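**Student:** Counting in this note's numbering, the sequence shown runs from 5 upward without gaps.
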Amino acid sequence: MLAPVAASAQGVKNYAPVTQERLTNPEPGNWLQYRRTYDGMNYSPLDKINTTNVKNLVPVWTFSTGVNEGHQAPPMVNNGVMFITTPQAQVLALDAKTGDLLWRYKRQLPEDLFQLHPTNRGVGMWQDMLFLATVDHFLVALDAKTGKELWAKPVGDYKKGYYLTLAPQVINGKIIIGTSGGEFGVRGYIAAYDAKTGNQLWRTYTIPGPGEPGHDTWKGDDWKTGGGSAWMTGNYDPATNTAYWGIGNAAPWPGDAHPGDNLYTTSVLALDPDTGKIKHHHQYHHNDSWDWDEVDPPILMDVQRGGRSVKALVHPGRNGYLWTLERTPEGIGFVSGVPYVHQDVFASLDPKTGRPTYNDKTVPKVGKDVTFCPSLWGGKDWASATYSPKTKLLYIPANDNICGRLVGEKKPIVEGQLWLGAELEKLDLSMRDKKVPEYMGELQAWDMNGNKKVWSYKFPTQLFASAMATAGDLVFVGGTSDRYFRAFSAQTGELLWQHRTNSGISGGPTAFEVDGTQYIAVQSGWGVDAQRIQDSLTKLGIPGVNPDVPQGGVVWVFAVK
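#1: CA-CA distance, Gly231 and Tyr209?
#2: Taking the alpha carbon of Thr56 as the reference point, which residue from His219, Gly508, Tyr461 and Gly476 has its own alpha carbon closest?
#3: Would you tell me roughly how many angstroms separate the C-alpha atoms of Gly371 and Val190, rounded to the nearest one?
#4: Where does Ala534 sit, in a helix, a strand or coil, going by DSSP?
#5: Taking the alpha-carbon positions, what's the Phe142 to Tyr167 distance?
#6: Tell me where the alpha helix (DSSP H) around Glu330 begins and ends.
#7: In terms of DSSP beta bridges, what is Trp296 paired with?
#8: Rounded to whole angstroms, what's the CA-CA distance from Val339 to Val85? Just pull it up for me.
#9: Per the DSSP calculation, Ser68 is bridged to which residue(s)?
#10: If you count every other CB in all the chains shown that lies within 10 Å of the CB of Gln308, and 16 or more means buried, which is it?
#11: Tell whether a beta-carbon distance below 8 Å holds between Gly126 and Thr69.
#12: So, is Arg536 buried or exposed, given that buried needs 16 or more other C-beta atoms within 10 angstroms?
#13: Which two residues bound the contiguous beta strand (DSSP E) that contains Arg504?
#14: I'd like the span of the alpha helix (DSSP H) that includes Gln24, first residue to last.
#15: Could you tell me the distance, in whole angstroms, from the CA atom of Ala196 to the CA atom of Ala316?
#16: For Asp220, name the three-state secondary structure that DSSP assigns.
#17: Taking the alpha-carbon positions, what's the Tyr488 to Thr366 distance?
#18: Among Arg207, Ser434, Leu113 and Pro333, which residue has its Cα nearest to the Cα of Pro378?
#19: Excluding the 5 residues preceding and the 5 following Gly103 in the sequence, name in chain order all residues of the same chain whose CB lies nearer than 6 Å to its CB.
#20: I'd like the list of long-range same chain contacts for Asn405, defined as Cβ closer than 6 Å, with 5 residues on each side in sequence excluded.
#21: Relative to the alpha-carbon of Gly482, which residue among Asn453, Leu422 and Ala387 has its alpha-carbon at the smallest distance?
#22: Can you tell me whether Met5 is buried or exposed, with buried defined as 16 or more other CB within 10 angstroms of its CB?
#23: Is the distance from the Cβ of Gly33 to the Cβ of Leu61 below 8 Å?
#24: How long is the line joining the alpha carbons of Thr41 and Asp373, rounded to whole angstroms?
#25: Are the beta-carbon atoms belonging to Val272 and Pro302 less than 8 Å from one another?
#26: On the DSSP bridge list, what partners appear for Ala351?
#27: Looking at the structure shown, is Glu187 part of a helix, part of a strand, or coil, going by DSSP?
#28: What's the C-alpha gap between Leu566 and Tyr109?
#29: Give the single residue among Thr229, Ala243 and Ile282 whose Cα lies nearest to the Cα of Ala261.
#30: Consult DSSP for Lys414 and reduce its assignment to one of helix, strand or coil.
#31: Who are the near neighbours of Trp459 in its chain, counting only those whose CB is closer than 7 Å to its CB and skipping five residues on each side?
#32: By how many angstroms is the C-alpha of Ala471 removed from the C-alpha of Gly324?
#33: Using the three-state DSSP reduction, which class does Asn550 fall into: helix, strand or coil?
#34: In angstroms, rounded to a whole number, what distance separates the CA positions of Pro333 and Lys17?
#35: State the Cα-Cα distance for the pair Ala145 and Glu25, rounded to the nearest angstrom.
#36: With DSSP collapsed to three states, give me the class of Lys456.
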């Protein structure tokens with residue numbers, strides 16, 4: 005393998021080391037983690053940009069990454085230095101005020117690497133180091149000031165279908181990552197590494213082996229190739245030292261190819277970050293047959309239900325239900341589950357456990373042609389919802405009225421090759437009731453105390469990007485093929501501002517402050533699943549669908565002038 009390239013333009017001066025205290029209680033003007041805070045709210049307490057002046061928001065600088073495909077990493081900022089990651093395992097350090105390049109790191113990827121999801125969702129920060137998880141299944145440590153590679157550790161074998169796309173989670177000097185690769189029939193895992201040495205500290209498989217709790221939910225050797233990947237960064241409760249990670253679907257897709265409940269697929273795991281021990285779990289739906297990854301971890305918040313305060317885990321699921329769970333020392337309890345988009349798979353939920361009963365006609369099986377709603381991309385895919393503790397509202401970037409078709413097939417697994425269990429030529433999207441829908445994308449606002457939707461803004465085609473709420477009573481989101489970046493009133497849903505960018509936006513926006521000025525930043529760069537959905541909608545001949553969204557990554561930074 006060729007040596008990595010670290011091109012240092014001028015380096016970072018006066019870097020502010022990232023401590024556990026700063027991760028737990030970040031300064032309002034910085035964005036040090038994937039969702040800014042451990043609770044996963046994706047919320048900024050900055051309010052200088054607000055409903056009154058957002059109409060004056062203009063670009064103050066842009067930076068072209070020179071890379072195509074999906075740019076899904078939030079621009080992360082520490083004391084005036086912005087770090088972004090791109091497809092092809094690159095990291096860029098930029099002056100957050102001017103856009104000047106400070107350094108660039110390029111990893112040399114193997115020529116035979118097949119990148120099913122060529123993307124990256126950001127760095128982890130600890131002390132004077134950055135941590136990058138790569139598509140060739142390495143964990144890399146960089147000097148935050150220079151971009152120099154400090155160490156690079158192989159996590160597993162990319163030739164077997166394993167790869168990494170998430171932003172590492174950092175807790176007390178432990179770098180925690182989870183694998184992608186469920187589409188290849190891997191056995192999923194979450195693992196922790198020592199920040200200084202890169203040595204593995206623990207590895208917890210998401211599919212239990214013989215003698216482990218939950219192994220009896222698998223038949224025969226299905227557990228060896230059962231999927232359960234964990235490809236989105238978890239959230240964390242410092243008060244109980246518990247990390248919450250979402251787990252993906254079972255492999256291959258049709259449920260009758262892997263009989264049983266299939267723990268811990270499509271679940272949330274409560275983990276001890278010191279040991280990797282699984283404390284508790286909740287499975288959103290069993291024996292997954294729809295490719296409904298539930299990898300986006302639940303948001304930690306307090307809600308009022310039944311006259312009492314609940315320490316909740318709130319998760320808008322890919323399965324189309326909005327889940328409210330309760331985190332207690334004894335376990336994870338079920339509080340409620342309500343559909344936030346049209347869903348025709350669940351006939352009912354057990355009122356005590358939340359376990360769904362299925363409509364058999366919408367359950368994919370080998371040799372069966374099945375249509376179900378929502379599609380395999382779900383009511384919301386990996387993109388993050390956001391919660392404002394100021395408005396007490398949850399904002400969901402949702403997709404409704406998009407259904408899917410799947411014809412199950414039985415094929416032997418071949419190491420390192422796609423193993424979906426579905427006929428690709430018959431893997432289609434469809435519209436609900438076979439009609440052109442009034443809308444598809446929908447930014448929704450939910451009152452989590454009343455467990456009800458209070459407003460929504462509808463889009464004619466898909467909405468595929470993370471959202472961010474701010475103390476300025478704003479919600480920012482991209483996600484549409486018309487290339488616009490938008491700001492809405494967090495209270496009413498009124499569209500207050502929009503700006504067209506170079507490409508489509510599928511990543512998450514961030515807010516930061518330098519020298520007393522507040523900025524809003526986002527990466528524009530269409531690709532990966534957003535583009536794949538777009539291609540499928542184009543085939544259906546849906547009016548208004550743009551089949552040709554230009555690619556190419558650009559960092560956009562806005563301020564009020």
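The C-beta atom is built at its ideal place from N, Cα and C for all residues, glycine as well. Note that the structure is predicted; figures quoted are calculated from it, not measured.
**Tutor:** A quick look at the data gives this:
#1: The residue you call residue 231 lines up with position 227 of the sequence shown. The residue you call residue 209 lines up with position 205 of the sequence shown. If I take the Cα positions, the gap works out to 10 Å.
#2: In the sequence shown, residue 56 corresponds to position 52, counting from 1. The shortest C-alpha separation from Thr56 is found at Gly476.
#3: The residue given as residue 371 occupies position 367 in the sequence shown. The residue given as residue 190 occupies position 186 in the sequence shown. Distance between the alpha carbons of Gly371 and Val190 is about 23 Å.
#4: The sequence position of residue 534 within the sequence shown is 530, counting from 1. Helix.
#5: The count along the sequence shown starts at 1 and reaches residue 142 at position 138. The count along the sequence shown starts at 1 and reaches residue 167 at position 163. About 8 Å.
#6: Against the sequence shown, residue 330 aligns to sequence position 326. Counting along the chain, Glu330 falls outside any alpha helix (DSSP H), though it belongs to the beta strand (DSSP E) covering Tyr325 to Thr332.
#7: As a working note, residue 296 is residue 292 in the sequence shown. Answer is none; Trp296 lacks a bridge partner.
#8: The residue labelled residue 339 in the question sits at position 335 within the sequence shown. The residue labelled residue 85 in the question sits at position 81 within the sequence shown. So the alpha carbons of these two residues sit roughly 41 Å apart.
#9: Counting from one through the sequence shown, the residue named residue 68 turns up at place 64. Ser68 is bridged to Val558.
#10: Here the question's residue 308 lines up with position 304 in the sequence shown. So Gln308 ends up on the exposed side.
#11: Here residue 126 refers to the residue found at position 122 when the sequence shown is read from its first residue. Here residue 69 refers to the residue found at position 65 when the sequence shown is read from its first residue. No.
#12: Taking the sequence shown and counting its residues from 1, the one referred to as residue 536 is at position 532. It counts as exposed.
#13: As a working mapping, residue 504 is identified with position 500 in the sequence shown. First-last of the beta strand (DSSP E) with Arg504: Leu499 to Arg504.
#14: In the sequence shown, counting from the first residue as 1, residue 24 sits at position 20. Here the alpha helix (DSSP H) through Gln24 covers Gln24 to Thr28.
#15: What you label residue 196 is simply residue 192 of the sequence shown in a count that begins at 1. What you label residue 316 is simply residue 312 of the sequence shown in a count that begins at 1. Rounded to the nearest angstrom, the two C-alpha atoms are 26 Å apart.
#16: Taking the first residue of the sequence shown as position 1, residue 220 is located at position 216. In this structure, Asp220 counts as helix in the three-state DSSP scheme.
#17: To locate residue 488, count along the sequence shown from 1; it is residue 484. To locate residue 366, count along the sequence shown from 1; it is residue 362. Distance between the alpha carbons of Tyr488 and Thr366: 35 Å.
#18: The count along the sequence shown starts at 1 and reaches residue 378 at position 374. Minimum Cα distance to Pro378 is reached at Ser434.
#19: For the purposes of this step, residue 103 is identified with residue 99 of the sequence shown, where counting begins at 1. Taken in chain order, the residues that qualify are Trp65 and Phe67.
#20: In the sequence shown, counting from the first residue as 1, residue 405 sits at position 401. Same-chain partners within the cutoff: Arg436, Pro441 and Met444.
#21: Counting from one through the sequence shown, the residue named residue 482 turns up at place 478. It is Ala387.
#22: For the purposes of this step, residue 5 is taken as residue 1 along the sequence shown, with counting starting at 1. Annotation note: pLDDT 47 at Met5 (below 50); position unreliable, no value reported.
#23: The residue given as residue 33 occupies position 29 in the sequence shown. The residue given as residue 61 occupies position 57 in the sequence shown. Taking 8 Å as the Cβ cut-off, Gly33 and Leu61 do not qualify as a contacting pair.
#24: Sequence index remark: in the sequence shown, residue 41 carries index 37 (1-based). Sequence index remark: in the sequence shown, residue 373 carries index 369 (1-based). Each residue's alpha carbon lies about 43 Å from the other.
#25: Here the question's residue 272 lines up with position 268 in the sequence shown. Here the question's residue 302 lines up with position 298 in the sequence shown. Against a cut-off of 8 Å, the Cβ pair of Pro302 and Val272 comes out as a contact.
#26: Taking the sequence shown and counting its residues from 1, the one referred to as residue 351 is at position 347. According to DSSP, Ala351 bridges with nothing at all.
#27: Against the sequence shown, residue 187 aligns to sequence position 183. Correct three-state label for Glu187: helix.
#28: Residue numbering for the chain in the displayed model covers 5 to 565; residue 566 lies beyond these limits and cannot be assessed.
#29: The residue given as residue 261 occupies position 257 in the sequence shown. Of the listed residues, the one whose Cα sits closest to Ala261 is Thr229.
#30: Translated into positions along the sequence shown, residue 414 becomes position 410. If DSSP states are grouped into helix, strand and coil, Lys414 belongs with coil.
#31: Numbered from 1 along the sequence shown, position 455 holds the residue referred to as residue 459. Ala449, Thr496 and Gly497, listed in sequence order.
#32: The residue labelled residue 324 in the question sits at position 320 within the sequence shown. The residue labelled residue 471 in the question sits at position 467 within the sequence shown. Those two C-alpha atoms are separated by around 17 Å.
#33: Here residue 550 refers to the residue found at position 546 when the sequence shown is read from its first residue. In the structure shown, Asn550 sits in coil (DSSP, three-state: anything other than H, G, I, E or B).
#34: What you label residue 333 is simply residue 329 of the sequence shown in a count that begins at 1. What you label residue 17 is simply residue 13 of the sequence shown in a count that begins at 1. Cα-Cα distance, rounded: 44 Å.
#35: Here residue 145 refers to the residue found at position 141 of the sequence shown. Here residue 25 refers to the residue found at position 21 of the sequence shown. Approximately 21 Å, taken between the alpha carbons.
#36: Position 452 of the sequence shown holds residue 456. Reduced to three states, the DSSP call for Lys456 is strand.
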